[in-house]
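One structure below.
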Amino acid sequence: MFQHRLVSGDAPGRPGAYIGSYVLGKGFILPPQQAEELIHRDPRNRDVLFRYLNGEDLNSRPDCSASRWVINFHDWPEEQAREYPDVFAIVERDVKPERLKITHSKNAREKWWLYERSRPDLYSKIRKLDRVLVVARVSKTGLPVFVPTGQVTSEQTVVFASDRLEDLTWLNSGIHYTWAIARGSSLKGDLRYTPSDIYETLPQPSRTTAMATTGAELDRIRRSIMSQRKVGLTRLYNLVHDPSVIDGDIQALRAAHVEVDHAVVDAYSWQDLNLKHGFTTTRQGMRFSLSQVIQTEVIDRLLELNYAQHTGKADSVLF
Numbered sequence: 001m002f003q004h005r006l007v008s009g010d011a012p013g014r015p016g017a018y019i020g021s022y023v024l025g026k027g028f029i030l031p032p033q034q035a036e037e038l039i040h041r042d043p044r045n046r047d048v049l050f051r052y053l054n055g056e057d058l059n060s061r062p063d064c065s066a067s068r069w070v071i072n073f074h075d076w077p078e079e080q081a082r083e084y085p086d087v088f089a090i091v092e093r094d095v096k097p098e099r100l101k102i103t104h105s106k107n108a109r110e111k112w113w114l115y116e117r118s119r120p121d122l123y124s125k126i127r128k129l130d131r132v133l134v135v136a137r138v139s140k141t142g143l144p145v146f147v148p149t150g151q152v153t154s155e156q157t158v159v160f161a162s163d164r165l166e167d168l169t170w171l172n173s174g175i176h177y178t179w180a181i182a183r184g185s186s187l188k189g190d191l192r193y194t195p196s197d198i199y200e201t202l203p204q205p206s207r208t209t210a211m212a213t214t215g216a217e218l219d220r221i222r223r224s225i226m227s228q229r230k231v232g233l234t235r236l237y238n239l240v241h242d243p244s245v246i247d248g249d250i251q252a253l254r255a256a257h258v259e260v261d262h263a264v265v266d267a268y269s270w271q272d273l274n275l276k277h278g279f280t281t282t283r284q285g286m287r288f289s290l291s292q293v294i295q296t297e298v299i300d301r302l303l304e305l306n307y308a309q310h311t312g313k314a315d316s317v318l319f
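Quick note, in the numbering used here, the sequence shown goes up one by one and the last residue is 319.
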């Protein structure tokens with residue numbers, strides 16, 4: 001196997017990947033009814049109330065939507081936050097007492113009305129986008145999906161600052177997943193997605209029309225099945241990876257993933273690679289995926305590309 005010290009960093013054209021906001025305070029989080037009542041009472045409260053998407057919602061809800069709302073005073077000083085008295089009173093009552101007990105973070109104590117890590121770079125990057133790709137930091141699937149912007153994503157998610165179908169295809173491919181499993185850690189058998197170890201070290205393929213086409217089809221099929229079956233990503237892919245399930249819609253989703261992988265392999269200019277999809281026993285259990293032999297070959301080729309990227313010898317395969 002080709003080996004060298006992996007390098008990471010921003011390559012030209014690579015969308016950034018960001019861990020979501022670390023709220024630090026259950027009092028910030030509201031049920032939908034309470035948030036809606038606050039907005040009805042004073043429409044200005046929309047400025048500081050947002051849907052709050054975490055990893056569990058992303059993987060368990062058929063539309064990957066947030067089940068709760070969250071108070072967000074952005075990076076405002078206390079005086080500005082107090083201009084929303086109904087909302088500020090909730091944080092002062094339910095967050096401040098717990099924050100003042102914190103000993104490990106001066107910032108958390110002194111700026112108790114703000115998140116511990118608000119991730120301004122993330123929201124600045126995606127501000128002009130209508131949708132972005134998001135993956136749960138810990139999951140069985142490790143598959144990003146498009147979600148609307150204009151909400152707060154929790155620290156249990158990773159956000160890719162892209163609205164492009166080509167990136168959905170790349171990051172839903174067996175090539176990306178093979179690299180993620182090899183480079184990432186696990187928690188109770190689930191993939192723990194770390195942008196610095198996985199995404200930033202993964203060489204990018206060229207964007208192609210075929211990637212956009214196959215990504216659109218994968219997105220369409222997957223959303224349709226989740227809606228019709230009323231299942232989230234985790235339950236859906238439990239079916240995909242079960243050899244005994246031969247329902248037509250699940251077979252169609254498997255076929256869509258095969259097409260995605262072929263499009264991505266072509267984008268890397270690996271037309272010689274016979275992907276050999278099938279059911280394979282892995283550390284994550286039985287999966288419909290590339291064969292073990294092909295996974296090893298994919299890792300070798302990605303390592304070579306990573307080295308070429310580091311030494312400046314990468315050719316047109318990279319963005």
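Quick reminder that beta carbons are idealized off the backbone N, C-alpha and C, glycines included. For clarity, every value in this text was computed on a predicted model and none was experimentally measured.
_Out of V231, A136, G215 and R229, which one is the CA nearest neighbour of D190?_
A136
*Confirm, please, whether the CB-CB distance from L233 to S60 is below 9 angstroms.*
yes
*Which residue from A308, E166, W76 and K128 puts its Cα closest to that of T149?*
K128
*Under 9 angstroms between the Cβ atoms of S154 and S21?*
yes
*Where do the ends of the beta strand (DSSP E) carrying W179 lie?*
First-last for W179: G174 to R183, but that is the alpha helix (DSSP H), not the beta strand (DSSP E).
*To the nearest angstrom, how far is it from the Cα of T280 to the Cα of V293?*
11 angstroms
*Output the distance between the C-alpha atoms of Q251 and H241, rounded to the nearest integer angstrom.*
11 angstroms
*With a threshold of 16 other CB atoms inside 10 Å of the CB of L187, please say whether the residue is buried or exposed.*
exposed
*Decide if L305 is buried, meaning its Cβ has at least 16 other Cβ atoms within 10 Å, or exposed.*
buried
_I'd like the list of long-range same chain contacts for G9, defined as Cβ closer than 8 angstroms, with 5 residues on each side in sequence excluded._
With a pLDDT of 49 at G9, under the threshold of 50, the modelled position of that residue is not reliable, and the figure given next carries that caveat. Correct list, in chain order: E200.
*asked:* DSSP has G285 in a bridge; who is on the other side?
replied: T282
*Proximity below 9 angstroms, CB of P195 to CB of N172*: no
*Those runs of the beta strand (DSSP E) which lie wholly inside the region 101-140 and span at least 3 residues*: 131-136
*Extent of the continuous beta strand (DSSP E) run through L53*: L49 to L53
*Distance between K230 and Y177 (C-alpha atoms, nearest Å)*: 25 angstroms
*asked:* Using the three-state DSSP reduction, which class does S69 fall into: helix, strand or coil?
replied: The question names Ser, but residue 69 is Trp in the sequence shown. Here W69 sits in strand by DSSP.
*Any idea what DSSP makes of A35, helix, strand or coil?*
helix
_Here's a check: name, in chain order, each residue in its chain whose Cβ is nearer than 6 angstroms to the Cβ of V138, leaving out the five neighbours to either side._
L187, D190 and R192
*What do you get for G25, buried or exposed, if any count of 16 or more other CB atoms within 10 angstroms of its CB means buried?*
buried
*Where Y307 and T282 are concerned, what is the direct C-alpha to C-alpha distance, given to the nearest angstrom?*
27 angstroms
*Stretch-stretch touch, CB-based, cutoff 8 angstroms, three pairs: the region 84-92 with the region 24-42*: yes
_Expected contact under 8 angstroms - CB spacing of V152 and V132 to nearest Å_ = In fact, because the Cβ distance is near 13 angstroms, the residues do not count as touching under 8 angstroms.
_N274 burial status per 10 Å Cβ neighbour count (16 or more: buried)_ = exposed
*G16: which of V159, N238 and E110 sits nearest, CA to CA?*
V159
_For R14, the three-state DSSP class (helix, strand or coil)_ = coil
*Does the beta-carbon of E166 have 16 or more other beta-carbons within 10 angstroms, so that it is buried, or is it exposed?*
buried
_Straight-line gap, N45 to Q228 (C-alpha atoms, nearest Å)_ = 35 angstroms
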